[in-house]
Amino acid sequence: TNKVFDPLGLLIPISMRRRIFMQKLWTKNLKWDESFEFVEDLKDQWLHLVKEAHTSVTSTFPRNAQMTSMSEVHIFSDASKDSYGTVVYLRSPPLDLNGAGWGSEEQHRGNVHLS
Numbered sequence: 001t002n003k004v005f006d007p008l009g010l011l012i013p014i015s016m017r018r019r020i021f022m023q024k025l026w027t028k029n030l031k032w033d034e035s036f037e038f039v040e041d042l043k044d045q046w047l048h049l050v051k052e053a054h055t056s057v058t059s060t061f062p063r064n065a066q067m068t069s070m071s072e073v074h075i076f077s078d079a080s081k082d083s084y085g086t087v088v089y090l091r092s093p094p095l096d097l098n099g100a101g102w103g104s105e106e107q108h109r110g111n112v113h114l115s
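In UniProt numbering, the protein residues as written are 1 to 115.
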């Protein structure tokens, strides 16, 4: 799983389960040629991962880059007992913000809002 070139992290939802499975294998201290069939929970997880690998995943990532002088940064993070993740989005809203009740672009320039 660490030989996949994924600089943007788009495949993390697919590869994370395999990485966690490999960590569980390492904690069992199995030899390289030893079967893990006797470990029931690992066997079930392995069969599920194999079945999951045969399903095709098709994704498209539409992009539209129109930069304005006003941008928003949205940061999200989450964690579990097995992994953690963070994502940062840069959003450039349309220039016509008056109709949405935002006020003019000049009013918001330089303002920082944390919530």
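Every residue, glycine too, gets a C-beta built ideally from N, C-alpha and C.
Quick caveat, the model's predicted, so the values are computed rather than measured.
Cut-off 6 Å between Cβ atoms - residues of its own chain near residue i, not counting five sequence neighbours on either side
i	result
S77	T86
S80	none
Q45	F21
Residues near residue i in its chain [Cβ-Cβ closer than 8 Å; skip 5 each side]
i	result
L30	F36
Whole-angstrom C-beta distance between residue j and residue i, which should lie under 8 Å
i	j	result
H74	R63	About 16 Å separates the two Cβ atoms, so there is no contact after all.
L42	K24	6 Å
Exposed unless 16 or more other CB atoms sit within 10 angstroms - verdict on residue i
i	result
M22	exposed
Per DSSP, the bridge partner or partners of residue i
i	result
G85	D78
E72	R91
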